[in-house]
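Its first residue numbered 23, the sequence shown is counted upward by one per residue in my numbering.
A short write-up of the structure that comes next.
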Amino acid sequence: MNESIKRAILEKIRAYQRIMLFRHIRMDGDCMGASKGMKEMIKATFPDKEVLLVDGQHSDYLAFLGEDDGPVPDETYRDALAIVVDTSNRDRISNPKFALCREVIKIDHHIETDPYGDLNWVEEERSAACEMIADLYASFRDQWVLTTQAASYLYLGMVTDSGRFRFSSVTGDCMRLAGEMLDAGVDTERLYAQLYLMDYEAVKFKAFVYEHMERTENGVAFIHVTGDMRRQFGLSLETASSVVSYLENIKGCLCWLAFIDSDDLKEGTRVRLRSRFMTINQVAERHHGGGHACAAGATVYGREEMLALIQEADEEAKKYKENHEGWL
Ligand code: AMP
23 MNESIKRAIL EKIRAYQRIM LFRHIRMDGD CMGASKGMKE MIKATFPDKE
73 VLLVDGQHSD YLAFLGEDDG PVPDETYRDA LAIVVDTSNR DRISNPKFAL
123 CREVIKIDHH IETDPYGDLN WVEEERSAAC EMIADLYASF RDQWVLTTQA
173 ASYLYLGMVT DSGRFRFSSV TGDCMRLAGE MLDAGVDTER LYAQLYLMDY
223 EAVKFKAFVY EHMERTENGV AFIHVTGDMR RQFGLSLETA SSVVSYLENI
273 KGCLCWLAFI DSDDLKEGTR VRLRSRFMTI NQVAERHHGG GHACAAGATV
323 YGREEMLALI QEADEEAKKY KENHEGWL
C-alpha cells in the first residue's frame, strides 16, 4: 500500500543532510514513539546525517523515554527536512518552527483535514503512526538499520495507541509489524512496568474517581476533575487527565467522558471523550475539538457547556442503543 509515497519519503531522507522530527502538543505514546523511533532509525542507518528532535514539552508519564534535543537557532531549521508524525493539522504541531524547514513530510493516521506537508502520507485506518513507521521499515527492510532502541520506541507507540492491541483498528498487518519490532529485542516486561506502575497518590486518586463518577440515563459515565481535587491529591494536569481510562470498563456505558479543569478557568475545561461501538467525535467537533471516531478531545467553557456536552453524548448513546443490538 502506498509504495510510491514510502519510496519518496526514503529518497527525501537520503537527500537531506539534516532531518528534524516534529510531533503534536499534549504528547502521547504514539507521537513520542514515532518521533524518537524515526530519529533513532535514521541515525542508525545514516550515521553521517544530523537528526534533531526539538520539542520543548515534558510529560511525566513518558519521562522514561528520555530527553529530546535542546533548542537550536532558527538558521538550523532552514536547510532541514521536517518530518511531522502523528499530527493531523498544523496548529497541533508542538514546535511551530517546523514551518522554517525547507520541506515538510507529514506521516499520520488521523482523519485528513490539513495536508500541510510537501509530501503527505496519511493512512486513516492505521492503528498508530508508529505502525506506519514500522511499515516504512518493513517495506525497505534491507535498506534500514533497526536497533532494539528504535524498535522499542515504535512498539511502545503501537501498544499505547491501539489500547494494548484491543481496538478495532488493529489488523493482521499491525500485529505482523509489531512482531517484527519484538524480533528486534523489545524488553516487554520493562516496557509494561513503565506504562502501568502508578504513584501511591495516583492510586488513591483512582479510588476517589470510582467513588465520585456519575452516569447518565442512557449510559454515559463521566467525572469532573476540579483544580481543588488536583491539589488535594497533588496531581499534575497530565496525571489528572489519565482519569478517562478509569471509566472504560463499565457495562452498558458505551461512552465515557473526563472533564479536567485548566489551572486558569478562562482557558476552559479539557474534555476527553471515549466510546466503544458508537462514535463520539461528532460531539467533540461541536465543542472546539475533534479526533477519532471513538477517542476525541474538546474544550468547554463553563458549567452550562459541560452539561450540554453530557446531554449531547447521552442523546448519541440513546440513539445508538435504540438502533443497534449486541452492544455491551
Ligand atoms: P485526547 O483525549 O486529548 O487524548 O484526544 C483523543 C484524540 O482526539 C487524539 O487523537 C487527539 O489527536 C484528538 N484531539 C484531541 N483534541 C482535539 C482537538 N481540539 N481537535 C482535534 N482533535 C483533537
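Here a beta-carbon is modelled for each residue, glycine too, at the ideal position from N, C-alpha and C.
Stretch-stretch touch, CB-based, cutoff 8 Å, three pairs: the region 126–143 with the region 101–113: Contact holds: three or more Cβ-Cβ distances are below 8 Å.
heavy atom of ligand 1 below 8 Å from Asn111 C-beta: Yes.
Thr169 beta carbon less than 9 Å from that of Met54: Thr169 is positioned such that its CB atom lies no closer than 9 Å to that of Met54.
Sub-9 Å separation of Ala262 and Val247 beta-carbons: In this structure, Val247 lies closer than 9 Å to Ala262 by Cβ.
Chain-ordered residues, beta carbon under 5 Å from a heavy atom of ligand 1: The answer, residue by residue, is Arg294, Gly311, Gly312, Gly313, Ala317, Ala318 and Gly319.
Candidates Leu103, His310, Leu350 and Trp143: closest to Ser26 by CA position: When C-alpha distances from Ser26 are compared across Leu103, His310, Leu350 and Trp143, the shortest belongs to Trp143.
For Thr193, the residue or residues it bridges with in DSSP: Paired residues: none, contrary to the question.
Local conformation of Lys128 per DSSP, three classes: If DSSP states are grouped into helix, strand and coil, Lys128 belongs with the strands.
C-beta atoms of Tyr268 and Ile282 nearer than 9 Å: Taking 9 Å as the Cβ cut-off, Tyr268 and Ile282 do not qualify as a contacting pair.
Unbroken beta strand (DSSP E) run spanning Met42, endpoints: That run of the beta strand (DSSP E) goes Arg40 to Phe44.
Stretch pair the region 202–216 + the region 304–312: three plus CB contacts closer than 8 Å: Cβ pair count under 8 Å is below three, so no.
Euclidean distance between Cα positions of Gly194 and Arg148: Near 11 Å, if we compare the C-alpha coordinates of Arg148 and Gly194.
DSSP state of Glu72 mapped onto helix, strand, coil: Strand at Glu72.
The region 287–305 in contact with the region 81–99 per 3-pair CB rule at 8 Å: No, the region 287–305 does not touch the region 81–99.
Val181, enclosing alpha helix (DSSP H) - first and last residue: Note, Val181: alpha helix (DSSP H), Thr170 to Asp183.
Separation of Ile272 from Leu122, as counted between CA atoms: CA-to-CA, the gap between Leu122 and Ile272 works out to about 47 Å.
Length of the line joining the Cα atoms of Ser258 and Met154: Roughly 31 Å between the two C-alpha positions.
Spatially closest choice to Gly311 from Asp96, Leu350 and Arg114, by CA coordinates: Answer by Cα proximity: Arg114.
For Ala317, the three-state DSSP class (helix, strand or coil): In this structure, Ala317 counts as strand in the three-state DSSP scheme.
Coil, strand or helix - Thr291 by DSSP: Here Thr291 sits in strand by DSSP.
Secondary structure of Asn418, DSSP reduced to three states: Past the boundaries of the shown model lies residue 418; the chain is included only from 23 to 350, so the question cannot be answered.
Where Glu236 falls: helix, strand or coil (DSSP): Strand, per DSSP.
Gly13 in three-state terms, based on DSSP: Given a span of 23 to 350 for the chain in the structure shown, any question on residue 13 remains unanswerable.
Length of the line joining the Cα atoms of Ala160 and Ile31: The C-alpha of Ala160 lies about 14 Å from the C-alpha of Ile31.
DSSP-derived helix/strand/coil call for Asp164: The answer is helix: DSSP assigns Asp164 an H, G or I state.
Environment of Lys61 [buried if 16+ CB atoms lie within 10 Å]: Burial check for Lys61: the Cβ neighbour count within 10 Å reaches 16 or more, so the residue is buried.
Check whether Met197 and Ala102 have beta carbons under 9 Å apart: No.
Proximity below 9 Å, CB of Cys277 to CB of Val242: Cβ distance < 9 Å, so Cys277 and Val242 count as in contact.
Counted within 10 angstroms of its Cβ, other Cβ atoms place Ala215 as buried (16 or more) or exposed: Ala215 is exposed by the Cβ-count criterion.
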